[in-house]
Amino acid sequence: MTKKKTSAPKKGAGPSSHRHTNDRGHCVDLLRQLSAYIDDELPSDICQEIRRHLGACPNCEVFIASLQQTVTLCRHRPAPQLTSDDRMNMRRAILNTANAR
Amino acid sequence: MRTTAPKTPRQRQAMQESGEFDTLYRDYVDLIYRYAYRLCGEAESAKDLVQETFLNAYKGLKDFRGEAQVSTWLYTIASRACIRMRRKRKGQPEHELSLEEFVPASEGEFRLQIPMDGLSPEEALQSKELRQALDQAIEKLPPKYRMALVLRDMEGLSAKEVGTIMGLNERAVKSRLHRARLFVRRELSARGITRHDDHKPGGMRS
Numbered sequence: 001m002t003k004k005k006t007s008a009p010k011k012g013a014g015p016s017s018h019r020h021t022n023d024r025g026h027c028v029d030l031l032r033q034l035s036a037y038i039d040d041e042l043p044s045d046i047c048q049e050i051r052r053h054l055g056a057c058p059n060c061e062v063f064i065a066s067l068q069q070t071v072t073l074c075r076h077r078p079a080p081q082l083t084s085d086d087r088m089n090m091r092r093a094i095l096n097t098a099n100a101r
Numbered sequence: 102m103r104t105t106a107p108k109t110p111r112q113r114q115a116m117q118e119s120g121e122f123d124t125l126y127r128d129y130v131d132l133i134y135r136y137a138y139r140l141c142g143e144a145e146s147a148k149d150l151v152q153e154t155f156l157n158a159y160k161g162l163k164d165f166r167g168e169a170q171v172s173t174w175l176y177t178i179a180s181r182a183c184i185r186m187r188r189k190r191k192g193q194p195e196h197e198l199s200l201e202e203f204v205p206a207s208e209g210e211f212r213l214q215i216p217m218d219g220l221s222p223e224e225a226l227q228s229k230e231l232r233q234a235l236d237q238a239i240e241k242l243p244p245k246y247r248m249a250l251v252l253r254d255m256e257g258l259s260a261k262e263v264g265t266i267m268g269l270n271e272r273a274v275k276s277r278l279h280r281a282r283l284f285v286r287r288e289l290s291a292r293g294i295t296r297h298d299d300h301k302p303g304g305m306r307s
């Protein structure tokens, strides 16, 4: 990732010329902080460095987008609801068990 | 229907507790069922967990002093009950997820995407395939990671609240959450429902 600014990828490097095997350390460091970045928990200077890396590293940019989408899908996944019969039957079962003990 | 007034202090106390329980149950059963369903992945186990949770809440109601929010208290009871029930069933053992296993081995793995372009999350989740893939990925998570993800990303609680419920510090919550998210992302990618970037390089897994 981007704590070492001197080794940032060269500007203009296209996707095909970017090799994570050569710059793997930056990308692995970024991977460790992605959730904190998504959740806006990092200091602004670190965020700026991450944005700079993302701008120069298409692979990481795509990776973070897919992680963000994963979080978004989780947040919007609806859960089924109980029927009123379910609520009533469970309440009865709970009270029966509680009073039997 | 005519009801008989309670005669003894014990009966009066039981009536009072029953009334408090009814209010608690009415206000929170849907919340706890939603949480239970997300933890268990299916309705019958979720109902068992709801019953176990409210049974424990009923027994603990007189000792609940309101230091925590009622919802946090119930989430905590449900989480502990879930762990106990899983131990009884001898389900899949816990295992640790290391960050290293989520480092993509190729550029192709970096570039896997989830097909949401132009769609809102609600629209994307209209896809049965995507819904199933998401549910199965969450279900495959080792339980302690699943609990962190469900509480934080699905129930929408803060890391601090999740820590209170799970008995962890915030740092540990965030660590589990991060690994859980990376796991789900990788599972969604590996299902083949993802699409690739237009200018994808070679080395992609099928």
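Sequences listed follow chains P and V, in order.
Here the first sequence is numbered in our numbering, starting from 1 and rising by one per residue.
Here the second sequence is numbered in our numbering, starting from 102 and rising by one per residue.
Glycine residues also receive a C-beta, built at the ideal position from the N, C-alpha and C atoms.
Closest Cβ-Cβ distance between residue i and chain V: below 7 Å?
i: Leu67 (chain P); result: yes
i: Ala56 (chain P); result: no
i: Ala93 (chain P); result: yes
i: Asn59 (chain P); result: yes
i: Ala100 (chain P); result: no
i: Ser44 (chain P); result: no
i: Asn96 (chain P); result: no
Please classify residue i: does DSSP put it in a helix, a strand, or coil?
i: Gln214 (chain V); result: strand
i: Thr109 (chain V); result: coil
i: Asn270 (chain V); result: coil
i: Cys57 (chain P); result: coil
i: Leu242 (chain V); result: coil
i: Arg51 (chain P); result: helix
i: Arg282 (chain V); result: helix
i: Gly334 (chain V); result: Because chain V is modelled from 102 through 307, residue 334 (chain V) falls outside the range shown and cannot be assessed.
i: Ala260 (chain V); result: helix
i: Gly219 (chain V); result: coil
i: Val204 (chain V); result: coil
i: Leu198 (chain V); result: coil
i: Asn22 (chain P); result: Because the pLDDT at Asn22 (chain P) is just 46, under 50, the model does not fix this residue reliably, and the value given afterwards should be weighed accordingly. Coil, per DSSP.
i: Ser119 (chain V); result: helix
With respect to the alpha helix (DSSP H) encompassing residue i, which residues constitute its N-terminal and C-terminal limits?
i: Asn96 (chain P); result: Ser84 to Ala100
i: Phe155 (chain V); result: Ala144 to Gly161
i: Met186 (chain V); result: Val171 to Arg190
i: Glu224 (chain V); result: Pro222 to Ala225
i: Gln81 (chain P); result: Gln81 (chain P) -> no alpha helix (DSSP H), and no H or E assigned at all.
i: Ser338 (chain V); result: Residue numbering for chain V in the displayed model covers 102 to 307; residue 338 (chain V) lies beyond these limits and cannot be assessed.
i: Leu42 (chain P); result: No alpha helix (DSSP H) holds Leu42 (chain P); DSSP gives it neither H nor E.
Is there a Cβ from chain P that is less than 7 Å from the Cβ of residue i?
i: Arg286 (chain V); result: yes
i: Ile184 (chain V); result: no
i: Ile215 (chain V); result: yes
i: Asp254 (chain V); result: yes
i: Tyr159 (chain V); result: yes
i: His279 (chain V); result: yes
i: Pro244 (chain V); result: no
i: Tyr176 (chain V); result: no
i: Gln152 (chain V); result: yes
i: Arg135 (chain V); result: yes
i: Leu156 (chain V); result: yes
i: Arg181 (chain V); result: no
i: Tyr129 (chain V); result: no
i: Gly247 (chain V); result: In the sequence under discussion, the amino acid at residue 247 (chain V) is Arg, which differs from the Gly named in the question. Arg247 (chain V) does not count as touching chain P.
i: Arg282 (chain V); result: yes
i: Arg139 (chain V); result: yes
i: Leu235 (chain V); result: yes
i: Arg306 (chain V); result: The predicted model places Arg306 (chain V) with a pLDDT of 32, which falls under 50 and marks its position as unreliable, so this point remains unresolved.
Say whether chain C places a C-beta atom closer than 7 Å to the C-beta of residue i.
i: Val171 (chain V); result: Considering every chain present, this structure includes no chain C. Its protein chains are P and V.
> What are the residues of the stretch 72 to 88 of chain P that lie near chain V, defined by any Cβ-Cβ distance shorter than 9 Å?
Replying inline: Thr72, Leu73, Cys74, Arg75, His76, Arg77, Pro78, Ala79, Pro80, Gln81, Leu82, Asp86 and Arg87
> Using a beta-carbon distance cut-off of less than 9 Å, what residues from the stretch 201 to 213 of chain V approach chain P?
Replying inline: Glu201, Phe203, Val204, Pro205, Ser207, Glu208, Glu210, Phe211, Arg212 and Leu213
> If you measure beta-carbon to beta-carbon, which residues of the stretch 218 to 229 of chain V are closer than 9 Å to chain P?
Replying inline: Ser221, Pro222, Glu223, Ala225 and Leu226
>> Please identify, using Cβ separations under 9 Å, the residues of the stretch 28 to 40 of chain P that lie next to chain V, in order along the chain.
In response: Per Cβ criterion, the list reads Val28, Leu31, Arg32, Gln33, Leu34, Ser35, Ala36, Ile38 and Asp39.
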